[in-house]
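So the sequence shown is residues 1 to 408, counted in the UniProt record's numbering. Beta carbons are placed, not taken as given, at the ideal position from N, Cα and C, and that holds for glycine. Computed from a predicted structure; not experimentally measured.
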Amino acid sequence: MLPTWLTEEYLEPRLRTYYKDDQLKVLKIWAKPATEKGQNYMSLMTRIHVEYQLSDGLVQKTSYIVKQALSENVPQAKVFVEYDVYNREIYMYEFVLPKVKELLQEAGLKEKITADAIAVDREYSTMILEDLSEYNYVNADRVKQLDLAHTKLTLEMLAKFHAASIVLRQRHSEVLSKCFYTHFFSRDKQGYTEVYTGVFGAFLRFIDEQPDLKQNYGNKLEKLQSFIMEYVARTFEVNKEEELLTLIHGDCWTTNIMFQYDDAGNPKTAVAIDFQFSNCTSPAIDLHHFFTVSLREEFQDMEAELVDKYYSDLKANLEKLSYTGLFPSLQDFRLQFERRRFMTLLSHLFKPVIIYNGSEVTSDFSSLYKETEEGLRFQKSIHASEIVIRSSTRLLAILDGKGLLDLQ
């Protein structure tokens, strides 16, 4: 259903500006939801179809994605407002991503890395974006997760975005306002503490039902619960004298990446969507989150090789962008990546819902972390799979072996 304010009269001047055609006339608009129920907790997504006529008389039909902030009466909206996620994403699409695109194109890196913004509107907390399906971009299967080909394309896309963002900070630091230096684990923010401690509580209940995991890690995890926000906050801190600092995507996982395919069905390009959690920190944060929740089990042991590939791509892109600042050796970057290993535990807390394919559906974000009747039922359901057990077992063994389940 179209928002009441989204009329032909509203859209027409915005399309005229975007297409640089002051005679463009919008003939018709109709709409349908862009996501299924339970697939998006952060915003309202609508796909609008538009028929318009250009100044030369040619009639075009295309579609756009309208992304709106949640209304204030939705419970999770208060959490997101504290972190300014809606204004942050609007700012990304209006100012930052066009600059990133410009820098990449100047360096000869012309491949699309995200959708263009047709228009942004702060009054309605809304963006009208290109519909990437018009370019034959589609999402991969979040349940099956990504194979090696999809993973490498995603890393190549991230290496371009991160490289351009590093140069953006160097040449146009004023573009990155103070909002990009806050995140869900910022010590002066409290809203997301309930979310993460609640999701961690659901994870502890899952551990209690797994005898081997409970015996090996139960006591350590219970002691860890009250410290997780502080420990992750430390992973976001960057030593600017030694480590790379860039603008990261902030929520890089399967559903926030779209792919184009060749005629044989092989992925050939990747783009990112949803930049509401972008912030300035180590690029390793994006890598850890992506590997933890999106990489198929059979490729998890290739992490070191994939980190090296990302490093090589990032270095090559920075050279094309004529970057002149700090760039670490491969060994130093591996250390930078390893220092942020604790991030994988927090990312893993959301993996059960990300790969869930059962019948329990909820549009209430709080069902992920609150101990209500519906919440406990939903949390139990999403943890009830062999892949969650296997991935939890593997991750906890790695973290415990590195001493990261011990209090620091």
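In the displayed model, Y323 falls within coil according to three-state DSSP, outside both helix and strand.
Of the residues P328, S186, Q276 and E8, the one whose Cα lies closest to the Cα of Q68 is Q276. Y52: member of the beta strand (DSSP E) spanning S43 to Q53, first to last residue. Bridge pairing for K61: E51 [DSSP]. In the structure shown, E130 adopts extended strand secondary structure according to DSSP, grouped into three states.
Secondary structure in the region 153-239: no beta strand (DSSP E) run of 3 residues or longer lies completely within the stretch. The residue from L54, K268 and H162 with its alpha-carbon nearest to that of T17 is L54. In the DSSP assignment, Y10 falls outside any beta strand (DSSP E) and within the unbroken alpha helix (DSSP H) covering E8 to Y19. For I285, the enclosing alpha helix (DSSP H) begins and ends at A284 to S294. The Cβ-Cβ distance between C252 and A272 falls below 8 Å.
For Q105, the uninterrupted alpha helix (DSSP H) segment begins and ends at L97 to E106. One alpha carbon belongs to L104, the other to L153, and they sit about 17 Å apart.
Between H249 and L132 a beta carbon distance of about 16 Å is seen, past the 8 Å cut, so the two are scored as non-contacting. Beta-bridge annotation (DSSP): N139 is paired with M258. One Cα belongs to H288, the other to R47, and the distance between them is close to 31 Å. Looking at the backbone, the Cα of F180 and that of I90 are separated by about 12 Å.
Q300 carries a helical assignment under DSSP once its states are collapsed to helix, strand and coil. Relative to N139, the option among F299, T254, L306 and S186 whose CA is nearest is T254. For L405, the closest alpha carbon among the candidates K315, K380, F227 and A316 is that of F227.
Contact check between the region 166-174 and the region 328-341: fewer than three CB pairs, one atom from each, fall below 8 Å, which does not count as touching. CA-to-CA, the gap between Y137 and P211 works out to about 43 Å. Under the three-state reduction of DSSP, D406 is assigned to coil, being neither helix nor strand. Per DSSP, the beta bridge partners of D121 are T126. The alpha-carbon separation between S359 and V353 amounts to approximately 12 Å.
Using a C-beta cut-off of 8 Å, the region 319-328 makes contact with the region 102-116, since at least three inter-stretch Cβ pairs fall below that distance.
The DSSP-derived three-state label of V66 is strand. Going by DSSP, T246 is part of the beta strand (DSSP E) stretching over T246 to I248.
Taking the Cα positions, R394 is about 14 Å away from L349.
The beta carbon of R377 is closer than 6 Å to none in its chain, skipping five residues each way along the sequence. For V353, the uninterrupted alpha helix (DSSP H) segment begins and ends at K351 to I354.
One alpha carbon belongs to H383, the other to N357, and they sit about 11 Å apart. Between S367 and E373, the gap from beta carbon to beta carbon reaches 8 Å or more. Cβ atoms of Y310 and L155 come within 8 Å of each other, at about 5 Å. Distances from the alpha-carbon of N239 to those of V66, V100 and S282 put S282 closest. The Cβ atoms of H183 and F259 lie no closer than 8 Å to each other.
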